[in-house]
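2 protein chains.
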Amino acid sequence: MPRAGQRPRLVDVAERADVSLATASRALAGRDGVSAEVADRVRQVARELGYVANPYARTLAGGASSTVGLIVHQVDDPYFSEIAGGVIQLAAEQGLLVQICQSGRDPDYELQQLRHLIAQRVGIILISGSGYDDPRVEAAARAELAAFQDHGGRVAAIGRHALGVDAVLPDNEAGGNALAHHLIDLGHRRITVAAGSAGLTTVADRLAGVSSALRQRGLPPADLAVVHGDFTRGGGRTVTEQILNEHPETTAIIALNDAMAMGVLSTLRSRRIPVPGRMSVVGFDDVSVAADLAPSLTTIRLPMTEMGRTALSLALKPRSARPRRRSTGHLLVVRDSTGPVPTA
Amino acid sequence: MPRAGQRPRLVDVAERADVSLATASRALAGRDGVSAEVADRVRQVARELGYVANPYARTLAGGASSTVGLIVHQVDDPYFSEIAGGVIQLAAEQGLLVQICQSGRDPDYELQQLRHLIAQRVGIILISGSGYDDPRVEAAARAELAAFQDHGGRVAAIGRHALGVDAVLPDNEAGGNALAHHLIDLGHRRITVAAGSAGLTTVADRLAGVSSALRQRGLPPADLAVVHGDFTRGGGRTVTEQILNEHPETTAIIALNDAMAMGVLSTLRSRRIPVPGRMSVVGFDDVSVAADLAPSLTTIRLPMTEMGRTALSLALKPRSARPRRRSTGHLLVVRDSTGPVPTA
DNA sequence: AGCGCTTACGTAAGCGCTTACGTACCCGGC
DNA sequence: GCCGGGTACGTAAGCGCTTACGTAAGCGCT
């Protein structure tokens with residue numbers, strides 16, 4: 035008999051279906067060893083009673099945890115919130131709950147969040163964002179995740195390699211390459227990269243693609259300048275000031291993510307520098323506002339929502355012997371922020 | 035003795051500190067009935083062992099759940115992601131984990147998410163976003179939340195009243211009022227509101243503020259037109275087309291949130307209608323990109339991060355007899371998207 | 001008819017915690 | 001000296017589930 039005002043328990047279902055606790059549990063878990071007839075009866079009663087298993091009891095008893103932990107650099111950055119959207123979508127479809135944490139782009143804090151998630155016994159961990167090229171931190175994270183997996187935890191990474199786990203990876207190098215080719219095709223020769231923190235693998239990869247484009251076109255490395263800031267709008271603004279001062283010959287700026295590109299555009303506007311009339315600007319990611327900026331932003335489209343979904347689906351699959359990789363497509367989206375090099 | 039390769043349990047701590055399980059539990063919970071000396075010893079051992087309580091066991095046994103559920107309309111909408119950022123910030127400071135869900139602006143689905151969170155036994159629920167003026171849905175949510183609270187659950191709402199729970203509420207009416215006054219001061223007389231879905235209380239409240247401003251200025255109601263879309267950039271674009279067709283005399287558009295305002299700006303730009311030269315545009319919320327748009331957006335600033343924090347802190351306080359309300363400040367931020375009415 | 005094997009189910013242990021209750025001890029008061 | 005009352009701690013009962021193991025029934029086989 036369900037206690038008044040309380041959620042029904044498995045015993046309540048079992049009693050009412052006139053079976054034992056064990057049978058009820060098996061029936062609801064879809065395990066076999068239960069006749070189809072009894073299983074139906076149990077499921078029927080559960081539905082009538084509105085029974086939902088207590089996840090705490092279930093997990094304690096050794097069942098699989100139904101919560102997935104997601105670590106992002108910052109939730110209110112559209113890149114991450116779109117990824118989170120994809121994760122949450124698929125999680126909802128699967129009846130899973132998503133625990134979300136931010137690292138604030140601090141590797142040590144991220145490690146701490148990771149440990150916290152593990153200590154909280156979430157079943158699945160998704161790590162999103164760029165990796166750090168600090169070997170100490172990445173090795174610690176790697177070790178932590180390996181131990182977690184050995185105890186049955188499931189892990190996937192989004193946009194970062196070197197963690198030794200399943201990962202969905204955009205081809206950052208190819209994207210950077212495509213951007214640079216686009217600008218070179220437009221006649222630009224003095225290109226400056228507005229890069230994020232030098233310690234991020236994403237930055238290094240995108241940058242590598244840009245450099246290789248120059249090489250492929252036989253252009254001297256001196257045609258390329260690189261200025262580091264951080265992957266935010268504020269970072270884009272700061273970096274733009276620096277570019278204008280230190281590399282005044284620049285005719286095109288490659289921002290290594292859209293957030294920075296927004297900062298770049300905003301600063302150029304306040305300096306009354308026409309885009310693309312006097313300066314072309316490109317971004318990377320194609321966050322959804324990119325199309326609505328003025329001018330609309332030429333950028334590399336990454337399927338962020340899809341990336342989130344894919345990462346979760348990887349983590350949901352049984353663990354494979356060696357880490358899987360899923361690469362995502364990318365697409366150069368040409369809009370109004372790029373144009374031919376100005377004729378001096 | 036901690037089992038090899040396993041996380042330490044409370045018994046491990048207890049044994050090593052040479053006390054009983056109960057004492058160890060009390061010591062770590064900071065409950066009294068434990069001598070200071072013993073309590074210190076236990077805490078010390080726990081630290082050495084890296085002990086973290088298993089939240090599933092803790093919750094099952096009747097301890098407080100340490101997870102907060104957050105329901106938003108959509109995570110990749112900057113309004114919600116900034117609120118979520120605030121919630122996550124404070125949660126991290128308190129050692130809590132945040133479970134996040136999206137309702138996709140569908141009242142029925144939102145109700146389902148709410149039930150899911152409750153079924154999953156989260157301890158605290160935060161509901162963010164506009165309420166629905168559908169009495170059926172709101173009443174159902176109210177009932178669900180009341181029952182949840184009666185069983186010890188904690189609830190707070192952000193930006194919605196009528197739920198019968200603690201709430202943090204921006205003064206939507208005053209904000210709408212301030213926007214309208216600003217435009218009227220600039221000489222605008224044919225104002226059209228780009229409103230979100232008619233069924234949202236937020237829309238009704240902001241709209242009420244706008245209407246009252248016209249009344250306060252002795253302007254005829256006919257000076258105001260209202261077109262409904264949805265609270266997204268796409269909604270803003272659609273609505274703008276409609277305004278241009280059906281209300282060509284309009285000189286100023288009040289978008290009832292920033293997302294719509296972005297859609298409005300984008301459509302006006304593609305139609306080559308100068309802002310604010312021929313049309314002034316205002317938004318509401320002041321999401322962080324608002325300042326970086328071209329032209330930068332005049333809007334009402336809401337302290338979204340703070341709202342998230344406040345909501346969680348309300349939920350963390352012991353329940354009060356009657357629902358508390360915290361109102362947030364709001365501020366008219368005048369930027370470049372508004373100007374004097376064009377002289378015909 | 002008797003054996004073993006499978007299938008369908010029940011019994012009960014135990015996951016790691018919290019907490020009601022019990023017990024030993026020490027204090028001061030008469 | 002004894003007793004009532006507080007303090008500090010231990011014992012053990014659960015929280016609601018999963019699952020290893022046990023058992024009874026039914027099957028085909030010799």
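So the protein sequences, as listed, match chains A and B. So for the first sequence, the numbering used here puts the first residue at 35; every next one is plus one. So for the second sequence, the numbering used here puts the first residue at 35; every next one is plus one. Where a beta carbon is used, it is the ideal one built from N, C-alpha and C, also for glycine.
- Look at the region 94-171 of chain A and you find these whole runs of beta strand (DSSP E), each 3 residues long or longer: 101-106, 131-136, 158-162.
- Non-local C-beta neighbours of A/Gly119 in its own chain, meaning closer than 6 Å and more than five positions away in sequence, comprise Thr339, ordered along the chain.
- Taking 8 Å as the cut-off, the beta carbon of B/Ala345 is found closer than this to the beta carbon of B/Ala190.
- Within chain A, no residue has its CB atom less than 9 Å from the CB of B/Asp142, the nearest being about 14 Å off.
- Cβ-Cβ separation between B/Val72 and B/Ala61: approximately 6 Å, consistent with a contact (criterion under 8 Å).
- A/Gly317 counts as buried, since at least 16 other C-beta atoms from the protein chains shown sit within 10 angstroms of its C-beta.
- Within the region 263-285 of chain A, Arg267 place their CB atoms closer than 7 Å to a CB of chain B, listed in sequence order.
- Under the three-state reduction of DSSP output, A/Ser231 falls in the coil class, being neither helix nor strand.
- The three-state secondary structure of B/Arg359, taken from DSSP, is strand.
- For A/Thr377, the secondary structure class from DSSP, reduced to helix, strand or coil, is coil.
- Contact between A/Asp110 and B/Glu116 holds: their C-beta atoms lie close to 5 Å from each other, under 8 Å.
- The C-alpha of A/His107 is placed about 27 Å away from the C-alpha of A/Ala259.
- With fewer than 16 other CB atoms across the displayed protein chains lying within 10 angstroms of its CB, B/Ser69 is exposed.
- Within its own chain, the residues whose Cβ lies closer than 8 Å to the Cβ of B/Asp239, once the five positions on either side in sequence are excluded, are Asn206, Glu207, Gly210, listed in chain order.
- With contacts defined by Cβ atoms closer than 8 Å, A/Val47 and A/Tyr90 do not form a contacting pair.
- The residue from B/Thr101, B/Glu172, B/Arg267 with its alpha-carbon nearest to that of A/Leu151 is B/Thr101.
- Beta-bridge partners of B/Pro204 (DSSP): B/Thr362.
- Under the Cβ criterion of 8 Å, B/Gln136 is counted among the residues facing chain A.
- Contact fails between the region 147-167 of chain A and the region 139-151 of chain B, because fewer than three Cβ pairs, one in each stretch, are under 8 Å apart.
- Listed in chain order, the positions of the region 323-334 of chain B with a beta carbon within less than 9 Å of a beta carbon of chain A are Val323, Ala325, Asp326, Leu327, Ala328, Pro329, Ser330.
- The Cβ atoms of A/Thr301 and A/Asp319 lie no closer than 8 Å to each other.
- Considering only beta carbons, the part of the region 89-100 of chain A lying closer than 7 Å to chain B consists of Pro89, Tyr90, Ala91, Thr93, Leu94, in chain order.
- The three-state reading of DSSP puts B/His262 in strand, counting E and B together.
- Annotated three-state conformation of A/Arg194 is coil, per DSSP.
- Interface annotation, B/Met296: in contact with chain A, CB-CB separation under 8 Å.
- Of A/Ala98, A/Leu55, A/Ala51, A/Leu94, the smallest CA-CA separation from A/Arg81 is found for A/Ala51.
- Residues Arg251 of the same chain have their beta carbon placed closer than 6 Å to that of A/Ile218, with the five preceding and five following residues left out of the count.
- Less than 8 Å divides the Cβ of B/Arg312 from the Cβ of B/Pro376.
- Per DSSP, the continuous alpha helix (DSSP H) segment holding A/Arg343 begins and ends at 338-350.
- Under DSSP, A/Asp319 forms a beta bridge with A/Arg335.
- For the pair B/Leu365 and B/Leu336, the Cα-to-Cα distance works out to about 7 Å.
- Leaving aside the five residues that flank B/Val261 on each side, the residues in its chain whose CB is nearer than 8 Å to its CB run, in chain order, Thr226, Val227, Ala228, Ala229, Val273, Gln276, Ile277, Glu280, His281.
- Taken through DSSP and simplified to helix, strand or coil, B/Thr285 comes out as coil.
- In the DSSP assignment, B/Ser314 is bridged to B/Ala286.
- Within the region 111-122 of chain B, the residues whose Cβ lies closer than 7 Å to some Cβ of chain A are Pro112, Ser115, Glu116, Ala118, Gly119, Ile122, listed in chain order.
- DSSP, reduced to helix, strand and coil, places A/Thr301 within a helical segment of the structure shown.
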